[in-house]
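The next block holds one structure in the form of C-alpha cells; read it before the comments.
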Amino acid sequence: MKYVVYAALVLLVVPFQVVLADRISIAGIHPDLALVAVCLIGFYIGEVEAVAVGVAIGFMLDLFSGGAHWGNLFLKPLTGLLAGRARRNLVNLTPKVALLLLFGLSIVSGLIMFLLKSLTGAGADFFAAARGIIFPQACFDAVLGVALLLLIQRWTSARAPLAATSYE
Amino acid sequence: MISLQSFTGAKRAVFLLLAILAAALLVFPESRHGPLQAVGRLMVATVALPLRGVDAVNSGIEAVWSRYLSLHQVREENATLRQEIARLKGDSARLREMAAATDRLRALLELKERLPYATVAARVVGRDPTNWYRSIVINKGRKDGLKADMGVLTPAGVVGRIVKVYDHLAVVLLIIDRNNAVTGLIQRTRDEGIVEGTEKGLARIKYLPLLSTVKVGDQVVTSGLAGGLPRGLPIGRITKIERREAELFLSAEIEPDSDFSRFDEVLIVTSPRETTGSSTPPFPVRPGSPDRPDTEALR
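In order, the protein sequences belong to chains A and B.
So for the first sequence, the numbering used here puts the first residue at 826; every next one is plus one.
So for the second sequence, the numbering used here puts the first residue at 14; every next one is plus one.
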C-alpha cells in the first residue's frame, strides 16, 4: 500500500505542478510541491524512502523543466535525506519546528540550485534570485508544508485508537 | 312513561297550528309578512355580529393561507430562477471562453496561412515546474515532427525555442529566460545582436555595434542566422539602451511583443526555409526597404 502511495505521488506531483503552476502561484512564484512531499516523507517515514522518492520526483521534474542540467535529480533526494536526518534528532515535530525546517530546507535547496544555475548557465544575479525566487518560494513551501503536516496529523490522530494512549 | 293519549292530543294541536301558520305564510301576500320580518330582522341583527366575526376570521385564514401558498410558489419560482441564472451564467462564461478561443485560433490560423514556412500548431498544457526557468510545455512532440531548437511563435511574435522533445510533449524555453539566446537585429538600423532573457522577465539584445544609432522604440526582429527561427519575426521593442564605458558593444533592453503569461496556443516552425513558391514576402514590405518585413502584419 505504501509503495502504491509513493508511485501515485511520483506520478501526480509533477503533472500537478506543471499544469496547475499558474493557478497556485502568488506573484509569479509557486510552491515546490515536490520538495514539500519529499520533506514530509523524510519527517514521517525516514531518509531512505525520502531519498528514493526524491530521486524519482527530481527526475520527473527535470524532464519537464526548461533547464539543461539535472539539478532536481540531485537536489530532491538531498532534501529528503536532510529532512530525514533532521527528524531523527527531534523529539517532537511541532508545527513551528516543521515550519522552520521546511523553510531552511527550501532555502538550502534554492541556494544550491542558484549555484548550479550560475555555474552551468548564463550566470545570475544572486540578490535578484534570492529576492525573487529563493525567499518567497521558501515561505510558500514552509506554509504549505505545515498546512499539509497538520492535515496529516489530524488524519492520523483520528484513525489512532484511544486505548493506545493509555499505559494500563 | 309518556301517555300516548296526552302526547297525541298536545302534539296534534301544535302540528296543526304550525301547518296553518305555514299555509298562511305561503298563501298570504308578501306585504303581510311584516311582523315576521320584524322578528327576522332582529334575529339577523343579533346573528350578524358573530357572523362578521367568523367571516373576518375566515377571510384572515384564507388570506394567510393564500399568502403562504403564494410564498411557497414564489420560493419555488425563485429557486428555479436562481438555477436558471446560474446555468445562464455558466453558458455565458463558456461562450465568452469559446469566443476568445475562436479569436485566438483565427489569429493563429491567419498567421499560419501567411507564413511561408511549414508550421505545426500546438496547445500550451503547462509551465515550468520550478521557479528557476521560464518555459512552457506543449502538447505536440516528436511524433508530430517536432525537434529540438525549432522556433515557437504566436501571432504577437516570437515565444522561444524547443529545448526538450518527447513523443507527444515538448518543452519550450521562452526568450525571456536567461539561458535562451536567439539571433536578432534592429529592424531600422539592421544592426545584429544576440537576444537573451533577463531576471526581470524581459529580454536584452547584446553585442550591438558601439556606433549603432539604435533608439528607444525600435523594433527587434529575428535575424534568421542561426537556430530554428526564420528571418523577420518580431521579438519586441527597445525600451532602454545601455552604453557603458570601456565596452566594445552596446546592449539594449527589449520589451517582448508576446505576453508570456497569457498565450494558450502557439505555432512551431518546423522548417525555417520557405516552403511555398509565392513571390510575395511573408509580411508586407515597407517602402524603401525591400528586404525589411513589416511586423505590424503580425499584430
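Beta carbons: idealized from backbone N, C-alpha and C, even for Gly.
The count of Cβ pairs closer than 8 Å, one atom from the region 252-268 of chain B and one from the region 203-222 of chain B, reaches three, so the stretches are in contact.
Among the residues of chain A, none has a CB under 7 Å from the CB of residue 220 of chain B; the nearest is roughly 14 Å distant. Contact annotation for residue 886 of chain A against chain B: 142 and 143 [CB-CB distance below 7 Å, chain order].
Bounds of any beta strand (DSSP E) do not take in residue 143 of chain B, whose DSSP letter is neither H nor E. With a cutoff of 9 Å on beta-carbon distance, residue 149 of chain B and residue 157 of chain B are scored as not near each other. Contact of residue 958 of chain A with chain B by beta-carbon distance below 7 Å involves 144 and 145. Contact annotation: the region 960-970 of chain A touches the region 921-937 of chain A, with at least three C-beta pairs closer than 8 Å. Residues of chain B with a Cβ closer than 9 Å to the Cβ of residue 942 of chain A are, in chain order, 145, 146, 191 and 192. Runs of the beta strand (DSSP E) spanning 3 or more residues and lying entirely within the region 224-289 of chain B occur at 232-235, 247-255, 262-269 and 278-284, in chain order. The three-state reading of DSSP puts residue 184 of chain B in strand, counting E and B together. Judged by pairs of C-beta atoms under 8 Å, the region 862-876 of chain A touches the region 897-916 of chain A, as three or more such pairs exist.
Taking 8 Å as the upper bound for CB-CB distance, residue 875 of chain A and residue 861 of chain A are not in contact here, some 12 Å apart.
Those residues of the region 241-255 of chain B placed with their C-beta closer than 9 Å to a C-beta in chain A do not exist. Residue pairing by DSSP places residue 221 of chain B opposite B/263 in a beta bridge. Around residue 237 of chain B, the same chain offers 243 and 244 as residues with beta carbons nearer than 6 Å, after the five sequence neighbours per side are excluded. Contacts between residue 883 of chain A and chain B, judged by CB atoms closer than 7 Å, are missing: the closest CB pair is about 10 Å apart. Counting C-beta pairs closer than 8 Å gives fewer than three between the region 106-114 of chain B and the region 130-145 of chain B, which falls short of the contact rule. For residue 892 of chain A, at least one C-beta of chain B is nearer than 9 Å to its own C-beta. Counting the other CB atoms within 10 Å of its CB gives residue 258 of chain B a total below 16, which places it among the exposed residues.
Pairing residue 77 of chain B with residue 86 of chain B, the inter-Cα distance amounts to about 14 Å. A Cβ-Cβ distance of about 6 Å is found for the pair residue 883 of chain A and residue 902 of chain A, placing them in contact under the 8 Å criterion. If the five residues before and after residue 226 of chain B are omitted, its C-beta is found closer than 6 Å to the C-beta atoms of 202, all from its own chain and listed in chain order.
Residues of chain B whose Cβ lies closer than 9 Å to the Cβ of residue 857 of chain A are, in chain order, 142, 143 and 144. The beta-carbon of residue 920 of chain A is placed no less than 9 Å from the nearest beta-carbon of chain B. Interface with chain A (9 Å Cβ-Cβ cutoff): residue 266 of chain B is excluded. In the structure shown, residue 214 of chain B falls within a coil segment according to DSSP collapsed to helix, strand and coil. Interface annotation for the region 928-941 of chain A against chain B: 938, criterion Cβ-Cβ distance under 7 Å.
Collapsing the DSSP output to three states places residue 929 of chain A in a helix. Partner residues in the beta bridge of residue 208 of chain B, as assigned by DSSP, are B/195 and B/218. When the five nearest sequence neighbours on each side are left out, the beta carbons in the same chain lying within less than 7 Å of the beta carbon of residue 973 of chain A are those of 861 and 865, in order along the chain. Put simply, the backbone Cα of residue 48 of chain B is about 15 Å away from that of residue 58 of chain B.
The contact set of residue 159 of chain B on chain A, defined by CB atoms closer than 7 Å, is empty, because the minimum CB distance reaches about 15 Å. Residues of the same chain with a CB within less than 8 Å of the CB of residue 261 of chain B, apart from the 5 flanking positions on each side, are 223 in chain order.
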